[in-house]
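What follows is a short report on a single structure.
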């Protein structure tokens, strides 16, 4: 049975290419339709947290002074998610920090750590949503409240519940095609690239 890791970073800025660093990471493991594990840690990279980021996340420079080194945290989370494909909401953002912080920690790339994106999937599955922000989708589907938004564990848990809802909705919407098959990470990665009107065709091309 496949285990998927849903991850979320809090950071000092938008892009590691612009010098931003991770300040917190969380990973939530999903298997068999439920959450089966959680990891969360602040990350001390020596980077400075701008005031507006501190106001948004609640993560202060003083908090990070007492946090474990970013390199150690990345090695721990890589061990925690070993062999798991990854999911994130707006995965392009998290993928960039995942790759950058992993490289800084001196960790080799794991081919199993391919990403699927709940934001891209939501645009295809829920066109009726007013927007596809994580908080909006959580309210739309009455997902469990994971706590303060813009903290890594709360956002990762919300994204994990959204992933589970998406898997359930796909099983219902395409019951004939899926015929009780699991909605795998590989299938999600295909569907997120499909046209909104072409999901059934995408399933057929996947041999379903």
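Numbering (full-length UniProt numbering), first residue to last: 1 to 208. Backbone N, C-alpha and C fix where the C-beta goes; we use that ideal spot for every residue, glycine too.
Where do the N-terminal and C-terminal ends of the beta strand (DSSP E) with residue 37 fall, by residue? If you look at residue 37, you'll find it in the beta strand (DSSP E) that goes 34-42.
With a cut-off of 8 Å, do at least 3 Cβ pairs link the region 117-125 to the region 185-198? Segments in contact, yes.
Give me the Cα-Cα distance between residue 34 and residue 160, rounded to the nearest whole angstrom. Between residue 34 and residue 160, the C-alpha separation is close to 9 Å.
By how many angstroms is the C-alpha of residue 85 removed from the C-alpha of residue 178? The alpha-carbon atoms of residue 178 and residue 85 are separated by roughly 21 Å.
Rank 203, 188, 207, 202 by C-alpha distance to the C-alpha of residue 91 and give the top, closest one. Closest option to residue 91, Cα to Cα, is 188.
Would you call the region 10-17 and the region 129-145 in contact, with 3 or more CB pairs under 8 Å? Too few Cβ pairs lie closer than 8 Å, so no.
Using 8 Å for Cβ pairs, my map puts residue 182 next to residue 2. What's the rounded Cβ distance? About 7 Å separates the beta carbons of residue 182 and residue 2, which is inside the 8 Å limit, making them a contact pair.
Taking CB distances under 7 Å as the criterion, tell me whether residue 188 reaches chain B. The structure shown contains no chain B, having only a single protein chain.
The alpha helix (DSSP H) that contains residue 172, what's its start and end? Segment 152-173, the alpha helix (DSSP H) holding residue 172.
Please list, in chain order, all residues of the same chain as residue 50 whose beta carbon is under 8 Å from its beta carbon, the five residues on each side excluded. For residue 50, the CB contacts under 8 Å within the same chain, skipping 5 residues up- and downstream, are 12, 13 in chain order.
With DSSP collapsed to three states, give me the class of residue 31. Strand.
May I ask you to check if the CB of residue 67 is nearer than 6 Å to at least one heavy atom of the ligand NAP? Absent from the structure shown: the ligand NAP. Ligands present: none.
Host alpha helix (DSSP H) of residue 118 (start-end): Residues 118-125.
Exposure of residue 98, with buried meaning 16 or more beta-carbon neighbours within 10 Å: Residue 98 comes out buried.
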